[in-house]
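Student: Take this structure first; my questions come after.
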Amino acid sequence: MGFSFEVDRTAEGGGRRGRLRLPHGVVETPVFMPVGTAASVKAVPQSLLEEVGAGGKGTQIILANTYHLYLRPGHELVRRMGGVHRFMSWERPMLTDSGGFQVFSLSKLRKISPEGVEFRSHLDGSKHFFSPEHSMDVQIALGADIAMVFDECVETPATWERTRESMGLTHAWAQRSKDHFELHKDRVPWFSERQEQTQSLFGIVQGGMYADLRKESAERLVEMDLPGYAIGGLAVGEPREVTREMIARTLEHLPKDKPRYVMGVGYPDEIEEYARMGVDMMDCVLPTRAGRHGLLFTSQGRLNIKKKEYAEDQGPIDATCGCIVCRRYTRAYLRHLFASGEPLSAVLNSVHNIAFYLDTMERVRGDLERGAS
Ligand SMILES: [Zn+2]
Numbered sequence: 001m002g003f004s005f006e007v008d009r010t011a012e013g014g015g016r017r018g019r020l021r022l023p024h025g026v027v028e029t030p031v032f033m034p035v036g037t038a039a040s041v042k043a044v045p046q047s048l049l050e051e052v053g054a055g056g057k058g059t060q061i062i063l064a065n066t067y068h069l070y071l072r073p074g075h076e077l078v079r080r081m082g083g084v085h086r087f088m089s090w091e092r093p094m095l096t097d098s099g100g101f102q103v104f105s106l107s108k109l110r111k112i113s114p115e116g117v118e119f120r121s122h123l124d125g126s127k128h129f130f131s132p133e134h135s136m137d138v139q140i141a142l143g144a145d146i147a148m149v150f151d152e153c154v155e156t157p158a159t160w161e162r163t164r165e166s167m168g169l170t171h172a173w174a175q176r177s178k179d180h181f182e183l184h185k186d187r188v189p190w191f192s193e194r195q196e197q198t199q200s201l202f203g204i205v206q207g208g209m210y211a212d213l214r215k216e217s218a219e220r221l222v223e224m225d226l227p228g229y230a231i232g233g234l235a236v237g238e239p240r241e242v243t244r245e246m247i248a249r250t251l252e253h254l255p256k257d258k259p260r261y262v263m264g265v266g267y268p269d270e271i272e273e274y275a276r277m278g279v280d281m282m283d284c285v286l287p288t289r290a291g292r293h294g295l296l297f298t299s300q301g302r303l304n305i306k307k308k309e310y311a312e313d314q315g316p317i318d319a320t321c322g323c324i325v326c327r328r329y330t331r332a333y334l335r336h337l338f339a340s341g342e343p344l345s346a347v348l349n350s351v352h353n354i355a356f357y358l359d360t361m362e363r364v365r366g367d368l369e370r371g372a373s
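Its first residue numbered 1, the sequence shown is counted upward by one per residue in UniProt numbering.
Pasting the structure below:
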């Protein structure tokens, strides 16, 4: 209970116009999800997330990172605060990742066994152990609308043999995640106040850069009959054609009546392309991370605000953008804020970039609605 997905229309290219119904609201798809790493989309207040982009409708759903919240402030503290929605005052839908990706990319001295992963915190070096069961307990305590199975992320590049071995572990962990989740999902902080709705658990297809392994992984996960499926382990340094190829080859093996989510992508033209191929959900730190570095996305391409040529430029970042930053501030002012290291620089740049991403997806949804691909 607490989850449904419907597709209104599928365009010729495979893109789908649909809708996810979650305990904290409805999400129009395809959707881009800004990343709120530590229960904060860096430099952007929740009130702005709610109103900027997509014609004033703002952000529909955000992602939070299980690994970060587990280490600080701790999932039990978040549970005592009523769950991550209430803790951060965000009443719209949320998704948490499983912690797997950060354990493998950020932590030190990992020891992997079939049981789980032992690792040291990147914050203070303290020792921790994550298993599929523990990842589920943490995600249930956080209480996002969608949780993800715990997976192993293989290093890149990796051989076929190594990738297949890792994938086997990921599948075993997916089953253990599901079994544990089903037993304990009613412990989510908002269970009783939301008519006994629960979180939904999505699977993650792995298989590296090998189409045959992607197929095998998708088929194995589909057998587990989860409500949605993510494609993981992409955008980790491989050429863009390979990312696109792996997405296309995986989509073929995923059910059409369930949402498909590509994790950790990408640039605005990439999210547009994947949405038109039939991907329903995407997330990426890029709009906020690039914003903090002065890189702005516009309808005319990328703009680096630190360039001297903008020092006396009275125009907005993007004349076609209706966001609060473009309506009010000049490139000259934004360049000055960046050059002076003013905290407002990160706020305004991130707000514009998020608006640009959300506007991009709003435009794609409009096209798909009309049946254009
Ligand atoms: Zn703007």
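Quick reminder that beta carbons are idealized off the backbone N, C-alpha and C, glycines included.
Which residue spans inside the region 174-254 form an unbroken beta strand (DSSP E) run of at least 3?
Tutor: The beta strand (DSSP E) runs of length 3 or more contained entirely in the region 174-254 are, from start to end of the chain, 200-205 and 229-231.
Student: Quick check: what's the CA-CA separation for Leu348 versus Ala54?
Tutor: 17 Å
Student: I'd like the list of long-range same chain contacts for Thr37, defined as Cβ closer than 8 Å, with 5 residues on each side in sequence excluded.
Tutor: Ala64, Asn65, His68 and Val285
Student: Can you check which of these residues, Gly237, His336 and Leu226, is closest to Ser4 by C-alpha distance?
Tutor: Closest option to Ser4, Cα to Cα, is Leu226.
Student: Rounded to a whole number of angstroms, what is the C-alpha to C-alpha distance between His352 and Val325?
Tutor: 6 Å
Student: Please report the residue range of the alpha helix (DSSP H) in which Gly100 lies.
Tutor: Boundaries of the alpha helix (DSSP H) harbouring Gly100: Gly100 to Ser105, taken from the DSSP string.
Student: Quick one, what's near ligand 1 if you take every residue whose CB is closer than 6 Å to any heavy atom, in chain order?
Tutor: Ile317, Asp318, Cys321, Cys323, Val325, Cys326, His352 and Ala355
Student: Of the choices Arg176, Asp179, Ile271 and Gln199, whose alpha-carbon is the least far from that of Arg187?
Tutor: Gln199
Student: Please confirm if the region 157-167 is in contact with the region 212-220, defined as three or more CB-CB distances below 8 Å between the two stretches.
Tutor: yes
Student: Quick check: Pro316 and Arg302, are their CB atoms within less than 9 Å of each other?
Tutor: In this structure, Pro316 lies away from Arg302, with their beta-carbon atoms at least 9 Å apart.
Student: By the three-class DSSP mapping on this structure, what secondary structure does Met263 have?
Tutor: coil
Student: List in chain order: all unbroken alpha helix (DSSP H) runs of 4+ residues lying wholly within the region 36-111.
Tutor: 46-51, 66-71, 75-80, 84-88 and 100-105
Student: Sorted by chain position, which residues of the same chain lie with C-beta nearer than 6 Å to Ala355's C-beta, five sequence neighbours on each side aside?
Tutor: These residues qualify, in order along the chain: Val52, Gly53 and Cys323.
Student: Check this for me: beta carbons of Val149 and Ile204, under 9 Å apart or not?
Tutor: yes
Student: Under a three-way DSSP split, which group does Asp137 fall into?
Tutor: Helix.
Student: Take Gly25 as the anchor and find which of Thr10, Val279 and Ile62 has the nearest alpha-carbon.
Tutor: Ile62
Student: What are the complete alpha helix (DSSP H) segments, minimum 4 residues, inside the region 303-338?
Tutor: Secondary structure in the region 303-338: the alpha helix (DSSP H) runs of 4 residues or longer, each lying completely within the stretch, are 324-328 in chain order.
Student: Per DSSP, which one or two residues make a beta bridge with His128?
Tutor: Phe119
Student: I'd like to check one pair, Ile231 with Leu251: are the Cβ atoms closer than 9 Å?
Tutor: yes
Student: Roughly how many angstroms lie between the CA atoms of Leu183 and Arg176, to the nearest whole one?
Tutor: Just so you know, the alpha carbons of Leu183 and Arg176 end up roughly 11 Å apart.
Student: Let me know the secondary structure DSSP gives Met148 once reduced to three states.
Tutor: strand
Student: Going straight from the alpha carbon of Leu142 to that of Phe202, what length do you get?
Tutor: 16 Å
Student: Determine the extent of the alpha helix (DSSP H) in which Phe356 is found, giving its start and end residues.
Tutor: Pro343 to Glu369
Student: By Cβ distance, which residues of its chain are closer than 8 Å to Gln314, with the 5 residues on each side in sequence left out?
Tutor: For Gln314, where only same-chain residues beyond five positions count, the Cβ hits under 8 Å are Thr330, Arg331 and Ala332.
Student: DSSP has Arg16 in a bridge; who is on the other side?
Tutor: For Arg16, which the question treats as bridged, DSSP gives the partners Thr10.
Student: Applying the criterion that 16 or more other CB atoms from any shown protein chain within 10 Å of the CB defines a buried residue, is Leu160 buried or exposed?
Tutor: The residue asked about is misnamed: residue 160 is Trp in this sequence, not Leu. Exposed, since its Cβ has fewer than 16 Cβ neighbours within 10 Å.
Student: Does the beta-carbon of Glu115 have 16 or more other beta-carbons within 10 angstroms, so that it is buried, or is it exposed?
Tutor: exposed
Student: Okay, do the region 120-137 and the region 101-108 touch, 3+ Cβ pairs below 8 Å being the bar?
Tutor: The region 120-137 vs the region 101-108: in contact.
Student: How many whole angstroms separate the CB atoms of Val31 and Met281, which I take to be in contact at a CB cut-off of 8 Å?
Tutor: 6 Å
Student: From Lys306 to Glu91, what distance separates their C-alpha atoms?
Tutor: 36 Å
Student: First and last residue of the alpha helix (DSSP H) that includes Thr298?
Tutor: Counting along the chain, Thr298 falls outside any alpha helix (DSSP H), though it belongs to the beta strand (DSSP E) covering Leu295 to Thr298.
Student: Return the CA-CA distance between Glu76 and Trp190, expressed in angstroms with no decimal places.
Tutor: Looking at the two C-alpha atoms, the distance is approximately 14 Å.
Student: Check whether the region 16-23 touches the region 287-301, counting contact only when three or more Cβ pairs, one atom from each stretch, lie closer than 8 Å.
Tutor: no
Student: Mapping the DSSP letters down to three states, classify Met277 as helix, strand or coil.
Tutor: helix
Student: How would you write the range of the beta strand (DSSP E) that Pro34 sits in, first residue to last?
Tutor: Val31 to Pro34
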